[in-house]
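Peer 1: Residue numbers (this note's numbering), protein chains in the order written: chain A, 1 to 391; chain B, 1 to 506. Idealized CB from N, CA, C, for every residue including glycine.
1) For residue 268 (chain B), which beta-bridge partners are listed by DSSP?
2) In or out: residue 367 (chain A) buried (at least 16 other Cβ within 10 Å) or exposed?
3) Going by DSSP, what residue range makes up the alpha helix (DSSP H) through residue 18 (chain B)?
4) Using 8 Å for Cβ pairs, my map puts residue 280 (chain B) next to residue 302 (chain B). What's the rounded Cβ distance?
5) Should residue 205 (chain B) go down as buried or exposed, given a rule of 16 or more other Cβ atoms within 10 Å for buried?
6) Any idea what DSSP makes of residue 325 (chain B), helix, strand or coil?
7) Does DSSP classify residue 252 (chain B) as helix, strand or coil?
8) If we cut at 8 Å on Cβ distances, does residue 359 (chain B) have a partner in chain A?
9) Hey, out of A:177, A:173, A:69, A:159, whose CA is closest to residue 167 (chain A)'s CA?
10) Name, in chain order, the residues that DSSP records as bridge partners for residue 221 (chain B).
11) Residue range of the beta strand (DSSP E) that residue 482 (chain B) falls in?
12) Could you tell me the distance, in whole angstroms, from the CA atom of residue 184 (chain B) to the CA atom of residue 144 (chain B)?
13) Provide the residue span of the beta strand (DSSP E) that contains residue 491 (chain B), from first to last.
14) Please state whether the Cβ-Cβ distance between residue 287 (chain A) and residue 109 (chain A) is less than 8 Å.
15) Check whether the stretch 53-68 of chain B and the stretch 205-217 of chain B touch, using three or more Cβ-Cβ pairs below 8 Å as the test.
16) Check the Cβ of residue 113 (chain A) against every Cβ in chain B and list those closer than 8 Å, keeping chain order.
17) Cβ of residue 294 (chain B) within 8 Å of Cβ of residue 474 (chain B)?
18) Tell me, which residues are paired with residue 294 (chain B) by DSSP?
19) Looking at the structure shown, is residue 133 (chain B) part of a helix, part of a strand, or coil, going by DSSP?
20) Less than 8 Å between C-beta atoms, sequence neighbours within five positions excluded: which residues of the same chain meet that for residue 30 (chain A)?
21) Just to make sure I have the definition right: I need the residues of chain B whose C-beta is within less than 7 Å of the C-beta of residue 277 (chain A). Which are they?
22) Helix, strand or coil, according to DSSP, for residue 34 (chain B) in the structure here?
23) How big is the Cα-Cα spacing for residue 289 (chain B) and residue 342 (chain A)?
24) If we ignore side chains and look at the alpha-carbon of each, how far apart do residue 83 (chain A) and residue 339 (chain A) end up?
25) Using CA atoms only, rank isn't needed, just tell me which of A:231, A:324, A:374 is closest to residue 345 (chain A).
26) Could you give the C-beta distance for residue 185 (chain A) and residue 222 (chain A), rounded to a whole number, given that I count them as a contact under 8 Å?
27) Residue 357 (chain B) and residue 351 (chain B) look like a contact to me (Cβ under 8 Å); what is the Cβ gap, rounded to whole Å?
28) Closest to residue 197 (chain A) by CA distance: which of B:8, B:382, B:399 is it?
29) Kindly identify the DSSP beta-bridge partner or partners of residue 15 (chain B).
30) Strictly under 8 Å for the Cβ-Cβ distance: is residue 132 (chain B) near chain A by that measure?
31) Is residue 95 (chain A) close to chain B, meaning its C-beta is less than 8 Å from at least one C-beta of that chain?
32) Just to confirm before moving on: does the CB-CB distance between residue 37 (chain B) and residue 209 (chain B) stay below 8 Å?
33) Count the other CB atoms, across all protein chains shown, that sit within 10 Å of the CB of residue 168 (chain B); report buried if there are 16 or more and exposed otherwise.
34) Give me the chain B residues within the contact set of residue 36 (chain A), using Cβ-Cβ distance strictly less than 9 Å, ordered along the chain.
35) State the DSSP-derived secondary structure class of residue 378 (chain A), mapped to helix, strand or coil.
36) Given that a residue counts as buried once 16 or more other Cβ atoms are within 10 Å of its Cβ, and exposed if not, what is residue 170 (chain B)?
This is the structure we're talking about:
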């Protein structure tokens, strides 16, 4: 009985954090039932995650931008523009993919830094500064693709980023072996990490979850990771896009929750005046957050261009708004200081699941927009209500 | 019928943890100028907010009788309707609109569904004559000086047919000529039958204009003095304002050990380019090891600005003069440099710029010194919990856990979290700005005790406070500030509530 009491208390205390996981599970179950299991098929899940990739990485950066009480509207066309530049490097200039990618990422970071300077140093509201950026990069994208139109990329290595899968080594019962191994390593790392954290806390003499609930948590999350791995292994295995997404999330999650830099970002968002008086350089933090946003926009551009295997004249249209929506569904708050990187990824997957599920059901695009809008509003309403309850 | 226009009977008002007003009685006769005086935090503004309906009926106890009728104001517009006009210290004008638009803002004259601008301008002209402001109604507010803006505020109040005008520190931001004009105007309005309540810290003005003076202290009415009986004088007012004895709420400090000078300011001046004036003027000040320096003065006397100018200058004042720490000249360009140099500043406004209200206790405590819980930029979150627990225990922070959100703590506990945050930086000089504002007596005593412990450990404290009892009870030496400069330095033998008040109201 005690076990359930503790579990209930835990859920109640963290309802805001768990809310979107619960929402995601509900959405997925609903679509699975409505499509007779088609939604949860290996192929669909694999496609769904790949199509979420370029928005998910933007949403991660956007979450931090919103945490420090700003917004970045320029990232959509910046992604499109940098994707086109990557295409030009690869096709017209014959630069190798191993040089192209880091150079594009650095370009993105530098452009983001310019946004940061406009906002923090010159004091232009971020909405206006990045709106200007949005117009400029839209023009720049048209400019570089004007003569050629769509630029088709024939570099297999580059195209694999958006379409390829990790090699399989061998197939077992039609399952992708390396994917299973990666999943297994993931589970082992997770379990090891949790146990060493718990042990560490105990040596400090802190209160920890009861061992019953702790084991239940380990089993549950391991099962989820295992299930997703198993689904993916049934199709082509883990795609490079998913690997990139996971790497971005792990790095950003670590940065935001376990480092001084991350703490400073949340402090600036939570109360800029208090942050300044606590010896935090608010300007520097703003540069870093916008710089990282620019870099992730570049990454998003690479993912999208590679997925289409070409750079188009309209690439990046409305990416910024999809990323903002994903960040809000993921629990970021425009009042600043609140929002998690992991939430952004879940938000992006929720939005992608909605599109995918509704496509499978043959819901018209007009209704799709309305429903996605409704979900966004609902997520924010939930957020506001739970916050009121806590205050 | 009584000849009182306003009677406030047995007004009590409580905020969580603090009793702001208890059984206040306050009566204003028709056609008199009644001044309300008291230390900061005595309850003057709260009383006026009760009167004007900012705190609606039901959130306080007691009766408001206005023009013979018991009133129940649910919002500000209700008090405006019966003829009460209030002008706050912070002017509430729209700088980019014209004088006539401002006068009738929120009270627009209409012809059918549309605003009747012609009528507005005609009426505004009349009102401007009444307050003796010689500008055209089309002038933009931002083109006027503060004194003239104040007159526009009065015109705005008069446009609503007020019978009782309330002014909260109307001359605080005015120069002498403008103040003089304003006082003359108030007397004239009085002759036209408009009663007036004025809150002021400037006792000379109070004496020159008041028919009656009511003194509030600690949320209670102390006395009402009648000028026509010759009861009003500076001495009497001050004595009543500060009259309480210093009780035992200030713990005694044993074996004082005052050491060498560790901070020295000479000709220290700070120019605020946004306000366009010096907020700190030619300050000479020194702080010795193991000493509590009290900085007394009224609000707006430049105390906080002085603290900020020392603490890495976050407001970017233009600084002049010399600052020495441990005999070395220091130029601190950022708060982080000040922290590194060993200065900590616990802000006056803990909610506004002191704490991260949405974050929990432990991350607030560590916020100004993350180096202390990290190696190479990576946090040790367990160490953070350990440190948090230490401060929670040693500062007697009452909370269910370290994960409690700071915004939900009581004022006293918030103040202790704020103190913990700064103690964790390991300061040599701790600046406390209004360390006990808005917290109850028990928590005050705990904070005083902590201050004494810190001093015994060799820290120095600069304590900025409006509460005279606290300044006298805790300090080793007192500087009194007014208008940005130090008006006097008092030893504890010289310092009394009266001598401080005299310097502060100069």
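Peer 2: Taking the coordinates as given:
1) BP columns for residue 268 (chain B) point to B:283.
2) Residue 367 (chain A) is exposed by the Cβ-count criterion.
3) Membership of residue 18 (chain B) in any alpha helix (DSSP H) is not indicated; the residue belongs instead to the beta strand (DSSP E) covering 18-29.
4) Rounded to whole angstroms, the Cβ separation of residue 280 (chain B) and residue 302 (chain B) is 5 Å, and the two are in contact under 8 Å.
5) In summary, residue 205 (chain B) is buried, with 16 or more beta-carbon neighbours lying within 10 Å of its beta-carbon over all protein chains present.
6) Looking at residue 325 (chain B) - three-state DSSP - the assignment turns out to be strand.
7) Here residue 252 (chain B) sits in coil by DSSP.
8) Closer than 8 Å to some Cβ of chain A, the Cβ of residue 359 (chain B) qualifies, so yes.
9) Among A:177, A:173, A:69, A:159, the Cα nearest to that of residue 167 (chain A) is on A:177.
10) Residue 221 (chain B) pairs with B:216.
11) In the DSSP assignment, residue 482 (chain B) falls within the unbroken beta strand (DSSP E) covering 477-482.
12) Those two C-alpha atoms are separated by around 20 Å.
13) Unbroken beta strand (DSSP E) run through residue 491 (chain B): 485-491.
14) It is not a contact, given that the beta carbons lie outside the stated cut-off.
15) The stretch 53-68 of chain B, when compared against the stretch 205-217 of chain B, does not touch it at the 8 Å Cβ threshold.
16) Those within 8 Å of residue 113 (chain A) in chain B number zero; the least Cβ separation is about 20 Å.
17) Going by C-beta atoms, residue 294 (chain B) is nearer than 8 Å to residue 474 (chain B).
18) Answer is B:463, B:478.
19) Of the three classes helix, strand and coil, the one that applies to residue 133 (chain B) here is coil, per DSSP.
20) Excluding sequence neighbours, residue 30 (chain A) sits near 357.
21) Using a Cβ-Cβ cut-off of 7 Å, residue 277 (chain A) is close to 314, 335, 345, 347, 353 of chain B, given in chain order.
22) It is a strand residue.
23) Spanning the two alpha carbons is a distance of roughly 49 Å.
24) Looking at the two C-alpha atoms, the distance is approximately 28 Å.
25) Closest by alpha carbon: A:324.
26) A Cβ-Cβ distance of about 12 Å is found for the pair residue 185 (chain A) and residue 222 (chain A), leaving them out of contact under the 8 Å criterion.
27) About 6 Å separates the two Cβ atoms, so the contact holds.
28) For the residues B:8, B:382, B:399, the minimum Cα distance to residue 197 (chain A) belongs to B:382.
29) For residue 15 (chain B), which the question treats as bridged, DSSP gives the partners B:18.
30) The beta-carbon of residue 132 (chain B) is placed no less than 8 Å from the nearest beta-carbon of chain A.
31) Interface annotation, residue 95 (chain A): not in contact with chain B, CB-CB separation never under 8 Å.
32) No, the Cβ-Cβ distance between residue 37 (chain B) and residue 209 (chain B) is not below 8 Å.
33) The residue in question, residue 168 (chain B), is buried, as its Cβ has 16 or more Cβ neighbours within 10 Å.
34) Per Cβ cutoff of 9 Å: no residues; residue 36 (chain A) is ~44 Å from chain B at best.
35) Three-state DSSP puts residue 378 (chain A) in a helix.
36) Its Cβ being crowded by 16 or more others within 10 Å, residue 170 (chain B) is buried.
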